[in-house]
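Residue numbers (the working numbering), protein chains in the order written: chain P, 1 to 111; chain X, 1001 to 1110.
Here is the structure we will look at.
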Amino acid sequence: NAGVTQTPKFQVLKTGQSMTLQCAQDMNHEYMSWYRQDPGMGLRLIHYSVGAGITDQGEVPNGYNVSRSTTEDFPLRLLSAAPSQTSVYFCASSSNTGELFFGEGSRLTVL
Amino acid sequence: GEDVEQSLFLSVREGDSSVINCTYTDSSSTYLYWYKQEPGAGLQLLTYIFSNMDMKQDQRLTVLLNKKDKHLSLRIADTQTGDSAIYFCAELGSARQLTFGSGTQLTVLP
């Protein structure tokens, strides 16, 4: 029972490099989202999607792009990484009651 | 906008009860949640309460909701060392988005 799977778990980038964090869920959830977690700031919503082909911005979308071509996948792209994007990133999908199921997180360091 | 606030740290002795408090601002919240995060892991749902309830009990966990004061609490009875973690309060607001508090680091002392 995989749930929400994120890759990679760890990544180090140089300023200006690009990368994609992958997220897949096998629960047929329509709603998926990306959060970043920084010390003392809890989780902040970056982007979310209410279904295939539909995405929207959250609280901190700048510097990130998303797409949702299938129900299962919701990748997060950093086009030009900055040190301020050093964080732990969590992908989550949601049932109709709003309960979020989280991936294990991706720790990104931008030098 | 929506805001959820929690104190950052709580220490208790093993066997005592822990009470973690949370305040929120969105009066239209439908569900309120408590998540637990252990080191190096994602968040796991502990329990949730619907906004028309005052209390919910689940084994060692008791959730109290004071909707008038927009105050939510989580009581853990007989706290164990395995309960040491960060606990996040979250509300499901009118825009169907979850807003999280900053988390409370619970440390259980032997």
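We treat Cβ as the ideally placed atom computed from N, Cα and C, and that holds for glycine.
Interface partners of residue i on chain P, CB under 8 angstroms
i	result
Gln1097 (chain X)	Leu45, Tyr48, Gly58
CB contact below 9 angstroms: residue i versus chain X
i	result
Glu72 (chain P)	no
Val110 (chain P)	no
Glu30 (chain P)	no
Met19 (chain P)	no
Gly53 (chain P)	no
Leu100 (chain P)	yes
Ala64 (chain P)	Checking the displayed sequence, the identity of residue 64 (chain P) turns out to be Tyr instead of Ala. Not one chain X Cβ lies under 9 angstroms of Tyr64 (chain P).
Val12 (chain P)	no
Those residues which DSSP pairs with residue i across a bridge
i	result
Phe90 (chain P)	P:Tyr35
Met19 (chain P)	P:Leu78
Ile1086 (chain X)	X:Gln1037, X:Gln1105
Ala24 (chain P)	P:Thr5, P:Asp73
Gly153 (chain P)	For residue 153 (chain P) there is no data in the structure shown, the boundaries of chain P being 1 and 111.
His1071 (chain X)	X:Thr1023, X:Asn1066
Thr1047 (chain X)	X:Trp1034
Ser1018 (chain X)	X:Ile1076
Glu1091 (chain X)	X:Leu1032, X:Thr1099
Thr109 (chain P)	P:Val12
Met1055 (chain X)	X:Leu1064
Leu1010 (chain X)	X:Leu1106
Arg44 (chain P)	P:Arg36
Any C-beta of chain P under 9 angstroms from that of residue i
i	result
Leu1010 (chain X)	no
Ser1102 (chain X)	yes
Val1004 (chain X)	yes
Leu1065 (chain X)	no
Leu1045 (chain X)	yes
Tyr1035 (chain X)	yes
Tyr1048 (chain X)	yes
Chain X residues whose Cβ lies nearer than 7 angstroms to that of residue i
i	result
Glu104 (chain P)	Ala1041, Gly1042
Contacts that residue i makes with chain P (C-beta to C-beta distance below 9 angstroms)
i	result
Tyr1087 (chain X)	In chain order: nothing, as chain P lies at least about 11 angstroms away.
Partners in chain X for residue i, counting only beta-carbon separations shorter than 9 angstroms
i	result
Gly40 (chain P)	Leu1008, Ser1102, Gly1103
Phe90 (chain P)	Gly1042, Leu1043
Proximity test, Cβ basis, 9 angstroms: residue i and chain A
i	result
Met19 (chain P)	Chain labels in this structure do not include chain A; the protein chains are P and X.
Exercise for the section: Could you tell me whether the segment 1085-1104 of chain X touches the segment 1006-1018 of chain X, using the rule of 3 or more Cβ pairs below 8 angstroms? Expected result: Cβ pair count under 8 angstroms is three or more, so yes.
Handout entry: At least three beta-carbon pairs within less than 8 angstroms, the segment 2-11 of chain P to the segment 80-100 of chain P
Key = Contact holds: three or more Cβ-Cβ distances are below 8 angstroms.
Handout entry: Segment contact, 8 angstroms Cβ cut-off, at least three pairs: the segment 1050-1066 of chain X with the segment 61-78 of chain P
Key = When Cβ pairs closer than 8 angstroms are counted between the two stretches, the segment 1050-1066 of chain X is seen not to touch the segment 61-78 of chain P, the count staying below three.
Practice task
May I ask you to verify whether the segment 56-69 of chain P touches the segment 29-48 of chain P, counting CB pairs closer than 8 angstroms and requiring at least 3?
Solution key: Cβ pair count under 8 angstroms is three or more, so yes.
Practice task
Pair every Cβ in the segment 1052-1061 of chain X with every Cβ in the segment 12-22 of chain P, then say whether three or more of these pairs are closer than 8 angstroms.
Solution key: Segment contact: the segment 1052-1061 of chain X against the segment 12-22 of chain P, fewer than three CB-CB distances shorter than 8 angstroms; contact not assigned.
Exercise for the section: Assess, as a yes-or-no matter, whether the segment 1016-1033 of chain X is touched by the segment 1065-1082 of chain X under the definition of 3 or more beta carbon pairs within less than 8 angstroms. Expected result: Between the segment 1065-1082 of chain X and the segment 1016-1033 of chain X there are three or more inter-stretch CB-CB distances shorter than 8 angstroms, so the stretches are counted as touching.
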